[in-house]
Every structure is written in structure tokens, then in C-alpha cells.
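Novice: Numbering-wise, the sequence shown is residues 5 to 180 according to the numbering used here.
I have a structure here, written as C-alpha cells, and I will follow up with some questions on it.
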Amino acid sequence: MKESLGQENGKRKSECYQNRLKEEPKGLKVKPINNGTVIDHIAGGQALNVLKILGIYGTTDATLSVVMNVDSRKLGKKDIVKVEERELLEEEVNRIALIAPAASINIIRDCNIIAKRKVDLPDEIVGVVRCQNPSCISNTAEPIQSRMLVKTKNPVLLRCLYCEQPLTENIAEYLI
């Protein structure tokens, strides 16, 4: 029984792949996924930071496709990350928005896009990004969570609620 189910599932995946290839333009660099998440329109060179946000380091059992620095009309260069058999949590999407404010998230089920949305930063981020000011009260031994106000969303400009230190570059380095 398992064998026939596996063969049927493999046949469906093969058909799905063939159908998607017909729809895709020539020059397809990565095969479509059957189920999972596609993160598109990531600023060029940021895909590895997206993987870090998703908790994917070094060796992993996850099936991934990572495309970096491909041509994009909107961004000049962009990255794409495909994670099979995983749908992102809202917290992960919010973290991705910090380093890829133009990103879009596509949820794929049975080879179909069932949800597509742009990332969006909230007005305030609590406990996700630490202040770069080492003297800030949020970086001391006090039990205070970091609180960042989002001043601009693209490009991302954060300001610490406590010490007003701005954070504009290398935000991925300050993720908690």
C-alpha cells in the first residue's frame, strides 16, 4: 500500500513539475516546489541572513533552494529562498521584513500559490532587535526588553525607544 501511495505521490509531483515548467519563462534556475514557502524580492546578498532568521544554519534536513543576486527590474539584484514543507510563522515574517522590506511571501500547497503577501513592519518592534548602544538600559543587566520604533520602512530605519540610538545598517547583526 505504501509503495503505491509513494508512486502515486511521485507521479503527481512529476506532473506538477512539468505543468509549472510550461508556465515558467525560459531560464528557470530552480525547480518549483510542491508545498512550502517562497520568499521573493529579497535584496541581493541577504538570502543567507533570511536563512539565519529561519534558524537554518550549516547542515539541515530542510530542502532549500537559494538563488542569489539574480537580475530584478525592481531591485536591480535580488535573492529568492524556497523552503519546502514549511510555512512561516508571523514572527519570522516580521523579522524578514527588517532586512528585506520589499520581500513577498508565497505559500505553496499542491503546486498552487494559495497565499501571497508583502512583508510589513509594525510601528514598534519589541524583543527582536537589540540596541547597538552598549550603554542602553535594554543592554544592561536590567530585565528590560529592547523596543525599537520603526521610523521608515524602506529603507528600514529603527530608533531605540530608550536611548534614541538609530539603527540603519547591518540590522541582521542585531537580531536577538
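No residue lacks a Cβ here, since even glycine has one placed at the ideal position from N, Cα and C.
All values reported here derive from a predicted model rather than from experimental measurement.
Considering just the uninterrupted stretch of the beta strand (DSSP E) at L161, what are its terminal residues?
Specialist: Here the beta strand (DSSP E) through L161 covers V160 to C164.
Novice: Would V70 and V85 qualify as a contact pair, given that the criterion is a beta-carbon distance under 8 Å?
Specialist: For V70 and V85, yes; Cβs fall inside 8 Å.
Novice: Please go through the same chain and pick out, in chain order, the residues whose beta-carbon is closer than 6 Å to the beta-carbon of P105, but skip the five residues on each side of it.
Specialist: Only K157, N158 and V160 meet the Cβ criterion.
Novice: If you drop the 5 nearest sequence neighbours on each side, which residues of the same chain put their C-beta closer than 6 Å to that of P170?
Specialist: Excluding positions up to five away in sequence, the list reads R163.
Novice: So what's N116 in DSSP terms, helix, strand or just coil?
Specialist: Strand at N116.
Novice: Between the stretch 102-121 and the stretch 58-66, can you find at least three pairs of beta-carbon atoms closer than 8 Å?
Specialist: The answer is no - the stretch 102-121 does not touch the stretch 58-66, with fewer than three Cβ pairs under 8 Å.
Novice: Taking C-alpha atoms, which residue in K56, E88, H45 and G49 lies nearest to D65?
Specialist: Minimum Cα distance to D65 is reached at E88.
Novice: Which first and last residues belong to the beta strand (DSSP E) in which K82 is found?
Specialist: Per DSSP, K82 belongs to the beta strand (DSSP E) from G80 to E88.
Novice: Would I43 and L102 be called neighbours here (beta carbons separated by less than 8 Å)?
Specialist: No, the pair does not count as a contact, with Cβ atoms beyond the cut-off.
Novice: From V97 to A107, what does the alpha carbon distance come to, in whole angstroms?
Specialist: Those two C-alpha atoms are separated by around 9 Å.
Novice: Going straight from the alpha carbon of N137 to that of I117, what length do you get?
Specialist: Each residue's Cα considered, the two are about 42 Å apart.
Novice: Is the beta carbon of I100 sitting closer than 8 Å to the one on V123?
Specialist: It is a contact, given that the beta carbons lie within the stated cut-off.
Novice: Between R77 and L68, what straight-line distance do the alpha-carbon atoms span, to the nearest angstrom?
Specialist: Straight-line Cα distance between these residues: approximately 24 Å.
Novice: With which residues is I103 paired in a DSSP beta bridge?
Specialist: For I103, which the question treats as bridged, DSSP gives no partner whatsoever.
Novice: For E168 and K155, I'd like the C-alpha separation in whole angstroms.
Specialist: Computed Cα separation, rounded: 11 Å.
Novice: Reducing DSSP to helix, strand and coil, say where V123 ends up.
Specialist: DSSP places V123 in coil when its eight states are reduced to three.
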